[in-house]
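Written out below as structure tokens is the structure these notes cover.
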Amino acid sequence: MLNDYERRALADLERSLKGDSEFAARMAGLADVPPAPAFPAVPILCALLFILVPLVMLLFGWAGVLIVLDVFAAAIAVVLIRRRNH
Numbered sequence: 077m078l079n080d081y082e083r084r085a086l087a088d089l090e091r092s093l094k095g096d097s098e099f100a101a102r103m104a105g106l107a108d109v110p111p112a113p114a115f116p117a118v119p120i121l122c123a124l125l126f127i128l129v130p131l132v133m134l135l136f137g138w139a140g141v142l143i144v145l146d147v148f149a150a151a152i153a154v155v156l157i158r159r160r161n162h
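Quick note: our numbering has the sequence shown finishing at residue 162, numbered continuously throughout.
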């Protein structure tokens with residue numbers, strides 16, 4: 077894919093970077109960078125619960141609210157367990 081000029085330029089660049097200890101230290105430091113923050117599933121689930129509880133209370137009463145709270149607790153548990161395992 078690369079022509080001879082590009083291969084030589086790439087080899088020269090690799091050779092110069094191999095001898096650069098400061099560059100190697102910076103690249104080794106990138107392994108310590110924390111991963112991107114997780115999707116905010118818990119706050120979204122909390123907002124959804126805040127919106128749904130009054131509606132469920134009006135339509136289905138306390139039994140409906142208890143079911144929604146159980147489903148909410150199960151969803152939060154699934155999110156937290158998946159985050160812990162990954």
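We treat Cβ as the ideally placed atom computed from N, Cα and C, and that holds for glycine.
Computed from a predicted model, the values in this text were never measured in an experiment.
Using a 10 angstroms sphere on the CB of Val132, the tally of other CB atoms reaches 16 or more, which defines it as buried. Shown here, Leu78 sits in coil according to DSSP, grouped into three states, outside any helix or strand. Cβ atoms of Phe148 and Leu125 come within 8 Å of each other, at about 5 Å.
Contact check for Arg160 and Ala114: beta-carbon distance about 11 Å, past the 8 Å limit, so the pair fails to qualify. Assigned with DSSP and collapsed to three states, Pro113 falls in coil, not helix or strand.
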